[in-house]
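A quick write-up on the structure given underneath.
Chains as they are written, first to last, in my numbering: chain H, 741 to 1380; chain C, 7 to 265.
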């Protein structure tokens, strides 16, 4: 729907009317056409509707006062300018400038809302549109669109109210009932370098410690620029910084400064968080600005002005645990990956700090679990930072690995995080909900149970039976009779054990003692030894017989002598070897040996001695004689 | 353990009363009766079995394992003891993962040695060997060789039996096993409250007791894992042959009664 009102003497500009969807009042006076249109007369509370004001053929210094109402919110504002060429009859082509301002609005109440008329003012002359009436219903009207992120003004919230409007390419008048503000406060065309100049803009010159200041570096140019080389960021000592926007390509926006249209190029936008109170200065930025292209280009070095920020300290009355950088709006959450865990099985506990402010400058509350029920490892901290609409926000997550060491039910205590809210200028404390963890023992009893005879059977098709007797399912019954045993030490600890071990040995020794010295401990007799020696003496004498004819005299006599001495050793019970003749005689006499026998011993040993030291004296007959003497001695001895 | 021992008649009376209490479902009274029998010198596999079975019904796995194992040692072939012991172990919460620690050959040998029978056999054969030696001294010559051979054979058999008894005595004196008697016991890296908790053991788990320090005892699981746990939560099961009460909380010197 469109209404049109034509001023006196004006010629209609058809080019400006082509895009109009609804009829609107149009003023046409001296070539000026001024109209208003809306895309819907009936909207819902949740809908966004658009009102477009068009001024065609208006002079550049004409002011447009936009329609408005206290019952609507202006969600977004767009403006543009284009030129139309119309071919008049006989007067040649005429060029007209068409300005368009689009307001996206959303109603605040139901009913009929009346928008004030748009006004085009030029000096003392005014052109007015009609006052639009919009019917507003609850909810949303089918076919209408709801507000989206794209509908939001990208500059909304970045700059103080009023400053954004003044960056338009032509003065965008406020609604008539709104006071007209100063033109571009803080940004003015410099006396020198007016064609191209650089400015550092901040959204606030007075903040609190830790509160965000958004800094933007702009280049304003009357002509289009092709490059900004050697860009140097301003020094911001005393601030922590977070990148918000760093365009990789220059994109121009039409802005008006002191009534002069400029092309504005954003070079960098950063969020600054002051870490101390006082007057903090953001230093100048600089860049080499290139205007024009190729050989027509011109490079100009430009530098912005320093900006001073007044940083107020945090007010007194901070709660315990408050740190200077805990500023913004924060919430803290405690979350466990599982609330029922098995003993010794690790699980994760996340402490999430979320909100607006310097995300990376915050310290996540530490998860402290007292006691020995859990083993907590050092956390892994991850940040997620976003900058929608230039405001830094996001989350900081500390993820702990926790291993339960005790069974039972435990409570992870609530975590608190104090902070200062710069919007309400009050201290707040964010708290998490406690989390209850139940630790159960690990699954056990695997393989041993499989061998358990009491394990339940699989159900079988025995249900039809009247009395199904399955295997034993519980413990076996107790015993009703008992055989009692007195506690006693192990057999090796009983008193009689060691005597029983050693008594046989002692008894054997006692028996040997009783039997006297005639027997050895193991039962041997001394007579046995004598017999053994006697037999050995006879064996030597037999060996001497073999040497009588074949061997030498010395060997023969030596063997006879050894046989006799061995025999005497056996009979006397003591060694006879090595004794002198006299000593042997005395020993034989002491042993009660008769004189004839002692004489025979003497003869045999004398014969052997002489034969060994007087070679040649031993004939065969002599050998036979000494052999017989020795044999007679040993045989006769034994017989006696 | 008290110094007053029950007569056989008294023991049977207490045993019967405990059984009747068990039949009425008064498990605490039944367990108390069986425990009195042990304290007054009326032990044996039947008492241990009934006490272990009652503890199993009460859900006291530690006492159940302790006494059923005692009954099994004294009566290895009884299938009711084996069944209830297996049931108690299957209800134990801990699952020991990993290859079990095999133990030394002396320990394994001691575990399979029937001490009483081995000791008696050793004494008989040992004595017979020396008896044959003595007889050889007095016997005529023609019998002496046979007696000597018999004595040598007897001693050859007796000496290994004696070594088995000695090995069992050494293992009993130096290797202690125990059972966790509390619902859950933390096992720490050091014998102190400040020691970090390494793991947790639960009632009925059978462990090796290595040493004691203050109120803590160092335990070793069958898979070799070790740590310190409060001594009052573990009971040694190194009871004496033929009965007796196990000792609680002591690796080497414990003497207090299991409760």
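Note that CB positions come from ideal geometry on N, CA and C, so glycine has one too.
Fair warning: this is a prediction, and the values are worked out from it, not measured in the lab.
Among the options, the one whose alpha carbon lies nearest that of residue i
| i | options | result |
| --- | --- | --- |
| residue 805(H) | 867(H), 823(H), 1174(H), 1074(H) | 867(H) |
| residue 1318(H) | 1294(H), 1178(H), 1345(H) | 1345(H) |
| residue 165(C) | 125(C), 204(C), 190(C) | 125(C) |
| residue 1130(H) | 956(H), 841(H), 1235(H), 1349(H) | 956(H) |
| residue 111(C) | 181(C), 220(C), 10(C) | 181(C) |
| residue 821(H) | 796(H), 789(H), 1107(H), 972(H) | 796(H) |
| residue 849(H) | 1253(H), 785(H), 1335(H) | 785(H) |
| residue 994(H) | 962(H), 1013(H), 1007(H), 1011(H) | 962(H) |
| residue 1308(H) | 1347(H), 1375(H), 1078(H) | 1375(H) |
| residue 1181(H) | 1083(H), 1165(H), 1087(H), 1141(H) | 1083(H) |
| residue 973(H) | 1013(H), 1044(H), 1062(H) | 1044(H) |
| residue 1233(H) | 200(C), 194(C), 175(C) | 175(C) |
| residue 1310(H) | 1274(H), 1293(H), 779(H), 1074(H) | 1274(H) |
Neighbour-count burial assignment, residue i, 16 or more Cβ in a 10 Å radius
| i | result |
| --- | --- |
| residue 1322(H) | exposed |
| residue 965(H) | buried |
| residue 857(H) | buried |
| residue 233(C) | buried |
| residue 73(C) | buried |
| residue 1254(H) | exposed |
| residue 1353(H) | exposed |
| residue 928(H) | exposed |
| residue 1022(H) | buried |
| residue 1133(H) | buried |
| residue 1124(H) | exposed |
| residue 1117(H) | exposed |
Beta-carbon gap between residue i and residue j smaller than 8 Å
| i | j | result |
| --- | --- | --- |
| residue 986(H) | residue 1027(H) | no |
| residue 1019(H) | residue 981(H) | no |
| residue 23(C) | residue 51(C) | no |
| residue 1127(H) | residue 953(H) | no |
| residue 1169(H) | residue 1053(H) | no |
Interface flag, residue i vs chain C, CB-CB below 8 Å
| i | result |
| --- | --- |
| residue 1219(H) | yes |
| residue 1141(H) | no |
| residue 1167(H) | no |
| residue 1081(H) | no |
| residue 1274(H) | no |
| residue 1090(H) | no |
| residue 1205(H) | Low confidence applies to residue 1205(H): its pLDDT is 45, below 50, so where it sits in the model is not reliable, and the reading given next is rough at best. False, the Cβ-Cβ gap to chain C never drops below 8 Å. |
| residue 1225(H) | yes |
| residue 1157(H) | no |
| residue 1181(H) | yes |
| residue 1197(H) | No answer about residue 1197(H) holds up, because its pLDDT of 34 lies below 50 and its placement is not dependable. |
| residue 1231(H) | yes |
| residue 1241(H) | yes |
| residue 1186(H) | Confidence in residue 1186(H) is poor, its pLDDT being 33 and thus under 50, which makes the residue's placement unreliable; the coordinate value appears in the next sentence. True, the Cβ-Cβ gap to chain C drops below 8 Å. |
| residue 1365(H) | no |
| residue 1146(H) | yes |
| residue 1248(H) | yes |
Within-8 Å CB hit, residue i to chain H
| i | result |
| --- | --- |
| residue 234(C) | no |
| residue 273(C) | Only positions 7 to 265 of chain C appear in the structure, and residue 273(C) is not among them; the question remains open. |
| residue 68(C) | no |
| residue 11(C) | yes |
| residue 256(C) | Its pLDDT being 39, under 50, residue 256(C) is placed unreliably by the model, and the measurement read from it follows with that caveat. By this cut-off, residue 256(C) is not an interface position. |
| residue 28(C) | yes |
| residue 173(C) | no |
| residue 117(C) | no |
| residue 120(C) | no |
Residue i, enclosing alpha helix (DSSP H) - first and last residue
| i | result |
| --- | --- |
| residue 953(H) | Premise fails: residue 953(H) lies in the beta strand (DSSP E), 953 to 961, not in any alpha helix (DSSP H). |
| residue 87(C) | 85 to 96 |
| residue 1293(H) | 1293 to 1312 |
| residue 156(C) | 147 to 180 |
| residue 1244(H) | 1237 to 1254 |
| residue 69(C) | 67 to 80 |
Residue span of the beta strand (DSSP E) that contains residue i, given as start and end
| i | result |
| --- | --- |
| residue 1170(H) | 1166 to 1171 |
| residue 1175(H) | 1175 to 1180 |
| residue 1092(H) | 1087 to 1097 |
| residue 1012(H) | 1000 to 1014 |
Chain D within 8 Å of residue i, Cβ atoms only
| i | result |
| --- | --- |
| residue 19(C) | Looking for chain D here will not work: the only protein chains present are H and C. |
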